[in-house]
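See structure below.
Protein chains in written order, with our numbering: chain A, 931 to 1117; chain B, 27 to 101.
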């Protein structure tokens, strides 16, 4: 089995943007997010000896950044996961669906798409705004899924949620995100 | 199947976590319900746009230059 290699000279060009975009989903203050990304690279460079080549370079850097983000919140003494308590409840869906589980008339999805190969800057801004309106835990799940490319099982472990709660959380997040994108993009 | 279950299955389908039987039940619901069809199609779009989001420019070129200089010092 071939082992993964580290190529620090390419780190910033390859991973600088995605690591910062990830940090920004989890920490709103840009200066702090950027400093954590910087710490991640410096700390990675200082510990290249510990890299065993079992994970990819990208996963390894993400692992370091993730622990930096946790440390940051620990220092701030904030309970990251507290703001979702109760929000995951299944009955929280009742503002999209009627009592029989069918779309409420004003929540029915409309027929639209971004319909192009490359994302426009404007849509990225709309997406950014809508992601910011999600609950912190939902945003964390999105960051791990789409930016860090973690598997569902790893995300559950990382967020300390059961698999069934994960599906409720991500279902709810996708309903809200889609609805926000539709409202903002079509207007 | 109602729309709440259909959208849940649609979300799971996009993470390849549905059983064949559920995929078939969802397929039938989507044939009959255009709203869930829009939802399902837009999930594919959101997946694609999130990939663009991940790769969009984060650090400015100035910040990258500063960072590179810092890493050079570290080595």
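No residue lacks a Cβ here, since even glycine has one placed at the ideal position from N, Cα and C.
Only residues of its own chain outside the window of five on either side were considered, and among them 1099 have a CB closer than 7 Å to the CB of residue 1091 of chain A, listed in chain order. Remark: C-beta atoms of residue 52 of chain B and residue 32 of chain B approach each other more closely than 8 Å. When secondary structure is reduced to three states using DSSP, residue 1027 of chain A falls in the strand class. Near chain B, meaning a CB-to-CB distance below 7 Å, the residues of the region 1101–1113 of chain A are 1101, 1104, 1105, 1107, 1108. By the rule that beta-carbons nearer than 8 Å mark a contact, residue 53 of chain B does not touch chain A. By the Cβ neighbour-count rule, residue 64 of chain B is buried, with 16 or more other Cβ atoms within 10 Å of its own. With distances taken between CA atoms, residue 92 of chain B lies nearest to A:965 out of A:1043, A:1000, A:965, A:948.
Taken through DSSP and simplified to helix, strand or coil, residue 1042 of chain A comes out as coil. Put simply, the region 949–964 of chain A touches the region 977–996 of chain A. At least three CB pairs are less than 8 Å apart. Within its own chain, no residue has a Cβ closer than 8 Å to the Cβ of residue 71 of chain B once the five positions on either side in sequence are excluded. Considering only A:956, A:941, A:1000, the residue with the shortest C-alpha distance to residue 972 of chain A is A:941. Among the residues facing chain A, residue 93 of chain B is included, as its CB has a counterpart in that chain under 8 Å away.
Three or more Cβ pairs closer than 8 Å define a contact, and the region 972–989 of chain A falls short of that threshold against the region 1108–1116 of chain A. Beta-bridge pairing by DSSP links residue 1033 of chain A to A:1027. Shown here for residue 1027 of chain A: same chain residues with a beta carbon closer than 8 Å to its own, the five before and five after excluded, namely 1033, 1034, 1037 in chain order. Excluding sequence positions up to five before and after residue 1053 of chain A, its CB lies within less than 6 Å of the CB of 1044, all in the same chain and listed in chain order. When 8 Å is used as the limit between beta carbons, residue 1040 of chain A is near these residues of chain B: 64, in chain order.
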